[in-house]
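These notes concern the structure reproduced below.
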Amino acid sequence: MKQEELATLLREIIRDEKRILTDKVDLYSYSYDASFGTYLPDIVVLVMSTTEVAAIMKLANKHGIPVYPRGQATSLSGGPLPVHGGIVLDLSKWDNVLEVDAEDMVAVVSPGVLTADINDAALKEGLIYPPDPSSSNVSTIGGNLAENSGGPRGLKYGVTKDYVIGLEVVTPEGEVIRTGGRTVKNVTGYDLTKLIVGSEGTLGVITEATLRLYPKPQATKTMMAVFDDIVDSGKAITKILSSGILPSKLEIMDNATIQAVEAYEPLGLPVDAEAMLLVELDGHPAAIDEEILRVEKVCKETEARTVKVANTSEEANELWRARKLVSPAIVREKPTKISEDATIPRSKIPDMFQRLKEIREKYNIDLVVFGHAGDGNLHPNIIADKRDKEEMRRVEQAVEEIFKAAIELGGTLSGEHGIGTLKAPFMEMELGEVGLDMMKRIKESWDPNNILNPGKIFPQPGQRLVLTNG
Ligand SMILES: Cc1cc2nc3c(=O)[nH]c(=O)nc-3n(C[C@H](O)[C@H](O)[C@H](O)COP(=O)(O)OP(=O)(O)OC[C@H]3O[C@@H](n4cnc5c(N)ncnc54)[C@H](O)[C@@H]3O)c2cc1C
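Heads up, the sequence shown is in full-length UniProt numbering, so the first residue is 1 and it goes up one at a time.
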């Protein structure tokens, strides 16, 4: 269908001309996300209600037009990219509902609300919304739900799926359904809420969510431990967790990351150390005072060179500053960042570090490793320049080998960034033929005309990893 014809049909649904974008310059603004590749949509619609979404899905179904839901496009796996053109459904402006019910300990939100705003609203009631992706200030709850996003607090509190108890969803065929509800317990039939969470916008458009909130922890304590041997830092992680202590955060930075941050902003970091752990405990003040001493002891017993405990919140912020600066620091040398999130069982962290070291040398790439060590969710990041085709080919091979290493070590392709377009070629490697086929059958039964976010998750015949399109 021609763009003008489609725009005319959409104008009957969206009575506000400003919310339908057809200009080339606007379409280009919607052609990319935070990963790779650029794809032009035919049209962009800024939706503001369930009725609008349902009517658009019905229209798209009737005419076989692809629809791509989109939040703030911070996806690192190509999730919202309109790879087959069609309609981009921008849900980011639909942020008018954010209700906190302190008695039921839930928040009800519309899809465009920024995740950090939910936590801020909860804090006013003495509660928290625990999932804390690093992008929480710039990503929407709709995107977080679709990707099942996680963050540093995932170690103790779990990820997005652990906090969703109810959803309103528009199906690919334009029907409106409600899954779950406001109760913490609900075992009525299949758990469609959990099916939609993490489905990357391929099974339905999330138009409202009911989220669980937790009591705000009374106090926190932060500690930094420096190691000369990365294997020892891995042993420290295992020992801390098996000693009956569950930190709220347990992050690792390798030598290349430490060096990059120190070069970016001198903080007095140990640039010759192989690894640094940042540990945060939360809970009753007396309990965490005692626990931090035990964590300190474990780190010393596992050969930590130094251990520093923050005594004030200012000192704690200073320790966390190193971790916060990682992203800007590592892109200083070269402009292209390939951010992976291969995840392995905790016990395999030292092996994964060894494999990553070999991959770095074999392909002569700039690879830094940091991440949520406590739950085995490492972030190997490759820094490159996408204009250098030869370098990008080496990067593609290295990324493929990182995925293989993670799976061979009993891990997974993605701990939190999702599959999107980028990891689709590797799905069968992890799931096997039958496992992947079962997922395809779910997709086919929800979306018989394959119009919702087509081209994602499932590999196309012969598809391989390409980081050089656009
Ligand atoms: C600097 C940076 C740091 C990051 N840190 C983290 C991190 O710590 N943890 C983590 O998990 N991720 C992280 N990410 C990745 C990204 O922020 C998350 O995947 C986030 O959830 C995407 O939200 P978004 O609003 O940008 O969604 P988009 O990128 O726009 O979309 C993501 C997916 O959700 C679908 N979608 C969006 N809204 C809806 C909806 N309402 N209904 C159905 N489907 C929908 C889209 O189709 C797409 O498949 C980071 C990204 C960046 C750039």
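Each residue gets a CB set at the ideal place from its N, CA and C atoms; glycine is no exception.
Helix, strand or coil at residue 258 according to DSSP, with G and I counted as helix: Here the question's residue 258 lines up with position 258 in the sequence shown. Residue state, collapsed to three classes: helix.
Inter-residue Cα distance where the pair is residue 214 and residue 236: Looking up residue 214 in the sequence shown gives position 214. Looking up residue 236 in the sequence shown gives position 236. Taking the straight line joining both Cα atoms gives about 29 Å.
Pairwise C-alpha distance: residue 374 and residue 242: The residue you call residue 242 lines up with position 242 of the sequence shown. The residue you call residue 374 lines up with position 374 of the sequence shown. Put simply, the backbone Cα of residue 242 is about 11 Å away from that of residue 374.
Residue burial classification, residue 317 (beta-carbon count within 10 angstroms, cutoff 16): By 1-based counting over the sequence shown, the position of residue 317 is 317. It is exposed - the Cβ of residue 317 has fewer than 16 other Cβ atoms within 10 Å.
Inter-stretch contact (C-beta, 8 Å, three-pair minimum) for the region 322-335 and the region 257-266: The region 322-335 vs the region 257-266: in contact.
Beta-carbon proximity of residue 275 to residue 252, cut-off 8 Å: Start at 1 with the first residue of the sequence shown, and residue 275 comes out as number 275. Start at 1 with the first residue of the sequence shown, and residue 252 comes out as number 252. Yes, the pair counts as a contact, with Cβ atoms nearer than the cut-off.
Straight-line Cα distance separating residue 299 from residue 279: As a first step, residue 279 must be located in the sequence shown, where it is residue number 279. As a first step, residue 299 must be located in the sequence shown, where it is residue number 299. About 11 Å.
Validate contact between the region 106-117 and the region 130-148 using beta carbons, cut 8 Å, 3 pairs: Result yes; three or more Cβ-Cβ pairs closer than 8 Å.
Short Cβ contact (8 Å threshold) for residue 65 with residue 1: Sequence index remark: in the sequence shown, residue 65 carries index 65 (1-based). Sequence index remark: in the sequence shown, residue 1 carries index 1 (1-based). The Cβ-Cβ distance between residue 65 and residue 1 falls below 8 Å.
Distance cut-off 7 Å: residue 259 Cβ against heavy atoms of ligand 1: Along the sequence shown, read from residue 1 onward, the residue named residue 259 stands at position 259. Residue side-chain check: residue 259 keeps its Cβ at 7 Å or more from all non-hydrogen atoms of ligand 1.
Whole-angstrom distance between residue 210 and residue 166, CA atom to CA atom: The count along the sequence shown starts at 1 and reaches residue 166 at position 166. The count along the sequence shown starts at 1 and reaches residue 210 at position 210. When rounded, the distance between both Cα atoms is 5 Å.
Cβ pair residue 75, residue 420 closer than 8 Å: One-based indexing of the sequence shown puts residue 75 at position 75. One-based indexing of the sequence shown puts residue 420 at position 420. A contact, by the Cβ cut-off of 8 Å.
With 16 other Cβ atoms within 10 Å as the buried cut-off, status of residue 225: Position 225 of the sequence shown holds residue 225. Burial state of residue 225 is buried, judged by a 10 Å Cβ sphere holding 16 or more other Cβ atoms.
Inter-stretch contact at 8 Å, needing at least 3 Cβ pairs: the region 407-416 / the region 329-348: Flag = yes, the region 407-416 and the region 329-348 touch.
Cβ-heavy atom distance, residue 146 to ligand 1, below 7 Å: In the sequence shown, residue 146 corresponds to position 146, counting from 1. Yes, Cβ of residue 146 sits closer than 7 Å to a heavy atom of ligand 1.
Distance CB(residue 19)-CB(residue 45) smaller than 8 Å: Locating residue 19 in the sequence shown gives position 19, counting from the first residue. Locating residue 45 in the sequence shown gives position 45, counting from the first residue. In contact: residue 19 and residue 45 (Cβ atoms closer than 8 Å).
Complete runs of the beta strand (DSSP E) confined to the region 174-246 [at least 3 residues]: Qualifying beta strand (DSSP E) stretches, in chain order: 176-180, 205-212, 219-227.
In DSSP terms, what residue 412 is bridged to: Here residue 412 corresponds to residue number 412 of the sequence shown, with the count starting at 1. 343.
Opposing strand residues paired with residue 58 [DSSP bridges]: For the purposes of this step, residue 58 is taken as residue 58 along the sequence shown, with counting starting at 1. Note: residue 58 sits in no beta bridge, so no partner.
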